[in-house]
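Protein chains in written order, with my numbering: chain A, 1 to 543; chain B, 1001 to 1493.
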Amino acid sequence: MEWFETWGLTVTVFLPVLGALLLGFIKKDNEDALKRTALAITVLAFIASTVVVANFDFGGGTYNTYQFEVNETWIGAINANYHVGIDGISLPLLVLSTFVMVLAVIYSWNHWEEPKNPKAFLILMLILATGMNGTFVALDLVLFFIFFEIVLLPMYFMIGIWGDKSLRQVPGFSKPFETRLYASIKFFLFTLFGSAFMLLGFLALYFESGNLGDERTFDITQLTELGASGAFAGWSVAGWVFAAMFLGFAVKVPMFPLHTWLPDAHTAAPTVGSVLLAAILLKLGSYGFIRISLPILPEEAQVWAPWIAILAVIGIIYGSLACLAQTDMKRLIAFSSVGHMGFVMLGIATLTDIGINAAVIGMVAHGLITGLLFFLAGSMSHRYHTREMARLGGNIKLMPVIGGILAFTAMASLGLPGLAGFWGEFMSLVAAYNPLEGLSLGVFRTGMVLGAIGTVLTAGYMLWMLQRVNLGEPNPEWEGHDFHDADKFELTAWVPLIILIVVIGFYPKVIFDTTTDAVTSMVDMVFGGDSTTASISTTVKGG
Amino acid sequence: MGFEIDYLALAPELVIVVTMIVVLALDLTLRRDNKYWTATTAVAGTALALIPLGILAINGEVVSMFDGSYVVDEFALVLKGLFLVSGYIVFLMSHHYIESDRYYQGEYYFLLLASILGSLVMASSRDLIVLFIGLELVTGPLFLLAGWRKGDAKSNEASMKYFILGVLSTAILLYGMSLIFGLTGEVQFTAIAEATADMSTEPALIVAILFMIVGFGFKISAVPFHFWAPDTYEGAPTPITAYLSVNSKAAGFVAMLIVMYMALPGASDIWAPALWLLAALSMTIGNLSALRQTNIVRLLAYSSIAQAGFMLVPFAAAAVSGADLEQAFGATLIYLVIYAVMNLGAFAVVIAGARKTGTGEIAGWAGLAKVDSIMGVLTAVFFFSLAGIPPLAGWFAKFEMFRSVMIADPATIALAVIAAINAVIAFYYYAKVIKAVWLDDPTGEFTDEAEAEPAGSLKLALAVAVALTIAIGIYPSIAAFVRDAAQVLATGG
């Protein structure tokens, strides 16, 4: 296994893109071979990531020590290295990514949206997988940047080619656009705008690391060491650097007011695209905050934390209110992401171990739950050919299985205790009550109260959606239609998600056992310890 | 020293000269049906010239000739390599394109070889006269080549505009140079540098430098001296457009930078703000104008104006803030090399695509990927690379550019922010082409005749460009060696 200890992560990351190359050599009309190869590749990548889990030393160690580490020279001239590694924070996200990818391939087995072309779609999915997996394990800022950007290309094509073809009037243009065209370019431009500034931030860190004595470096572990020791504390432009990186990550999360690409992109994307966007792509942003912004610029993080918290809370409330105004089921789910990611960001903004733990479990839970919701929305619109909630209704009578799963997932999404969604919201509110010492209690406690109101609103719109979609009598227009309920591919893709939602809901320790050590030692290391450190285990056991 | 001639050091130039003569002789003797041999000779000659270049590079010896006016060092070799390889790719692109016109094949290759020879001379020049001769040898033949499609009014317009503005800029440039000579009595860069070291308030020097910047500005089509470019690019035969936007632009670029860097370092107070302005204007105006283009060649014309702006950024930023110019020079060189590769690729795609769709209008390319997915992939690769999206080569060029402007100085930070915003704007119009090819439904008919298939030589050009674009993108160290070449200049060639 020694070989795997070194190259395990590399295999997990690059297997998909090699698979994409392989698919290039298979004939376009040989759909079976294409699907089987893609499935085999994603399953292998998932197995590789589980082998990583199996060999992972959960004993911990302190923050900033990574396992399965590889550090090879990549671009010698600028001292950028191929440095990958994994710790308790990134492990759950990596596994989530490889896992959801398998389900996405299974789901797409017989769900090809127009204009079909499974070959191109699967190739894009596999490239996307490499970008996502890579972001979670990259320990070099340049490498991180590359992986962070790689996901844009396939997603752009996914939305643009297979997306929603209905026409849409865009302000400022006389002719209506197809929604897919509008959404795909908007998605790309927003993200690119953010990442251009993020790159400037990375470069500033690189030069400053050189001024601090040693060689200039992009290495996240070395920069973290510098940051934790307070080396960047007196740096005059540190605030700007934090802001530049904030732009890059906040667009991706997305945080209010940079979120406007999200409802368009999620709604227009084909089902699998929406699932991957919601389940994994959004996490790249919040992961960036935890891995890069907080540890490297802790002083700035403390200055900015209240503002991040305020934006997060606005996101929660705004997202929920926007949901209440939707008539389109998929758009409602899309907006719910704004709210849920608001809780994640609120947790991060507290700068405490509870808050960051909440953020990680919140990310995983949101990935599973919202991913499943988008699967369901896709399958329903596949059958009804509409996503208008006014025309749906009585769904559970027409399709008991899909309706039942939808009810279950909506419950999970509104944060019902006992299901996965509960922990992230609950703990981030707990953390907001008691943020890192020195942060404004007023802001965070107000945030907590508003966040709590947000959970009520979340329950409100989710139940309202259920009422309109699932309950009541079926719309007369569906009379005589023979709807087939969930097929075996759909169930194969969904049941694992359902199981995980229940398991994490009842036994969140599976996540916390991985994350707590890393998170606690990170908070200790960069924010000089914290009074709430001890209470984490009681909170967890209490549940 | 003295006038001893090292023939090995001059071998690349000599090989090109011999090839030119052979091409002309063949053209006189061959029958019309066998004229393609001129093309083969030109391609072979260019490839052959790379051999002595390789030997010189391995030797790593600095050869200085004609009292130091003509120097073959690492810097010159890197540039000569760039000019020869991109010239080679242009020949590959030309082959089928020119053959189908059926006239003056021999002259075409002769003129293009002459232009390449000019760029080789320019790369080695270390005094104003050799530099001027080299630079004019680059542009002179292009006046004719731009008007090659004689029957086409647009091609005539292209040639005319290029000629008139080219001659005007030459005159201005030469006037600036003569003023420098008048002030210092020197033509060699190092001697001028010494003489002008404490002359930066001298009005005549200011005028001289500004004249030279205007002259070079025309050559690299920087805003506001860019008006000829879109029309000329559109009217000229596409391979010549590719050559104009890569080789001839690179030649002007390098000429400008070495003059500023080697001959006038003491006067950077004068030229630094001017370059800053050129950079900011070229990026912004180039990009904003590109947004409205509907013709793919015009789009690439404006894109190349904007790219020239990006290339100027490192140098302008470093000079304005008084930082290390050597770093900036390296970044600009890397940008040039990567830009050459991906822009030639983009033009090769345009040639192949225009054959397939029968038009250069972007709207006419709608749905191309549906009939020809390889063309679709190639379009995506080159245009996304031009936009600077990883993991394609363009990202490293932009990255190096941003890296060199990270200097804590208000003027450079402003330039960095302008560049960052422009990078996003640029993406929009590059994506417009990709959108047409991939996302739109076909509106017209595509030719599916065998004749529409790209010729073998064009395929080779595409293959070389795509391989380099992806390889440099994933492992940028292959291109990073170029940076070292800039250091040679600093230590005095």
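We treat Cβ as the ideally placed atom computed from N, Cα and C, and that holds for glycine.
Output needed for residue i: all residues of its chain with C-beta closer than 8 Å, excluding positions within five of it in sequence on either side, in chain order.
i               : result
residue 1084(B) : 1012, 1046, 1049, 1050, 1053, 1116, 1120
residue 1183(B) : 1195, 1196, 1199, 1202, 1204, 1205, 1208
residue 1496(B) : In the structure as shown, chain B begins at 1001 and stops at 1493. Residue 1496(B) is therefore absent and cannot be evaluated.
residue 1278(B) : 1213, 1217, 1222, 1223, 1309, 1312, 1316
residue 1185(B) : 1195
With H, G and I counted as helix, E and B as strand and the rest as coil, what does DSSP make of residue i?
i               : result
residue 532(A)  : The pLDDT assigned to residue 532(A) is 46, lower than 50, so where the model puts this residue is not dependable; a value taken from the coordinates is nonetheless given after this. Residue state, collapsed to three classes: coil.
residue 1065(B) : strand
residue 1514(B) : Shown here, chain B extends from 1001 to 1493; a query on residue 1514(B) therefore has no answer.
residue 457(A)  : helix
residue 524(A)  : helix
residue 387(A)  : coil
residue 168(A)  : strand
residue 1033(B) : helix
residue 1188(B) : strand
residue 1440(B) : coil
residue 1197(B) : coil
residue 395(A)  : helix
residue 1295(B) : strand
residue 1158(B) : helix
residue 487(A)  : coil
residue 540(A)  : Low confidence applies to residue 540(A): its pLDDT is 46, below 50, so where it sits in the model is not reliable enough to give any reading.
residue 1152(B) : coil
residue 1455(B) : coil
residue 1127(B) : strand
residue 138(A)  : strand
Report back the beta-carbon spacing between residue i and residue j to the nearest angstrom; my notes put them in contact at under 8 Å.
i               : j               : result
residue 6(A)    : residue 46(A)   : Rounded, the Cβ-Cβ distance is 20 Å, inconsistent with contact.
residue 444(A)  : residue 309(A)  : 6 Å
residue 298(A)  : residue 527(A)  : 6 Å
residue 420(A)  : residue 501(A)  : 5 Å
residue 181(A)  : residue 1435(B) : 7 Å
residue 1250(B) : residue 1114(B) : About 17 Å separates the two Cβ atoms, so there is no contact after all.
Within this structure, are the beta carbons of residue i and residue j separated by less than 8 Å?
i               : j               : result
residue 1266(B) : residue 1328(B) : no
residue 256(A)  : residue 315(A)  : yes
residue 220(A)  : residue 139(A)  : yes
residue 1393(B) : residue 1336(B) : no
residue 1069(B) : residue 1127(B) : yes
residue 215(A)  : residue 232(A)  : no
residue 493(A)  : residue 107(A)  : yes
residue 396(A)  : residue 470(A)  : yes
residue 122(A)  : residue 38(A)   : yes
residue 293(A)  : residue 245(A)  : yes
residue 1019(B) : residue 1039(B) : no
residue 1455(B) : residue 1254(B) : no
Here's a check: name, in chain order, each residue in its chain whose Cβ is nearer than 7 Å to the Cβ of residue i, leaving out the five neighbours to either side.
i               : result
residue 269(A)  : 158, 159, 163, 277
residue 357(A)  : 427, 512, 515, 516, 519, 536
residue 1229(B) : 1221, 1301, 1305
residue 319(A)  : 335, 336, 338, 339, 342
residue 490(A)  : 107, 379
residue 137(A)  : 9, 13, 84, 85, 86, 90, 94
Just to check, is the beta-carbon of residue i closer than 7 Å to a non-hydrogen atom of the ligand FAD?
i               : result
residue 1324(B) : By its list of ligands, the structure shown contains no ligand whatsoever, and the ligand FAD lies outside what it can speak to.
Could you name the residues of the same chain whose beta carbon sits closer than 6 Å to that of residue i, not counting the 5 residues immediately before and after it, in chain order?
i               : result
residue 1063(B) : 1006, 1009, 1072
residue 330(A)  : 267, 377, 387
residue 1545(B) : Absent from the model: residue 1545(B). The displayed extent of chain B is 1001 to 1493, so no value can be given.
residue 201(A)  : 241, 244, 245
residue 1427(B) : 1387
Check whether the Cβ of residue i lies closer than 8 Å to any Cβ atom in chain C.
i               : result
residue 1428(B) : Any reference to chain C falls outside this structure, whose protein chains are A and B.
Suppose only complete runs of 4+ residues qualify. What are the alpha helix (DSSP H) ranges in the segment 49-97 of chain A, listed by chain order? none
Alpha helix (DSSP H) runs wholly inside the segment 270-303 of chain A, at least 4 long, in chain order: 271-276, 282-288
Extract the residue ranges of the alpha helix (DSSP H) inside the segment 174-215 of chain A, only unbroken runs of 4 or more that lie entirely within it. 179-211
What runs of the alpha helix (DSSP H), each 4 residues or longer, lie entirely inside the segment 1242-1291 of chain B? 1249-1258, 1268-1291
Where in the segment 1053-1124 of chain B do unbroken runs of the alpha helix (DSSP H), each at least 4 residues long, occur, reported from the N-terminal end onward? 1074-1099, 1105-1124
Go through the segment 1325-1387 of chain B residue by residue and report every complete run of the alpha helix (DSSP H) that reaches 4 residues or more, in order. 1325-1357, 1368-1371, 1373-1387
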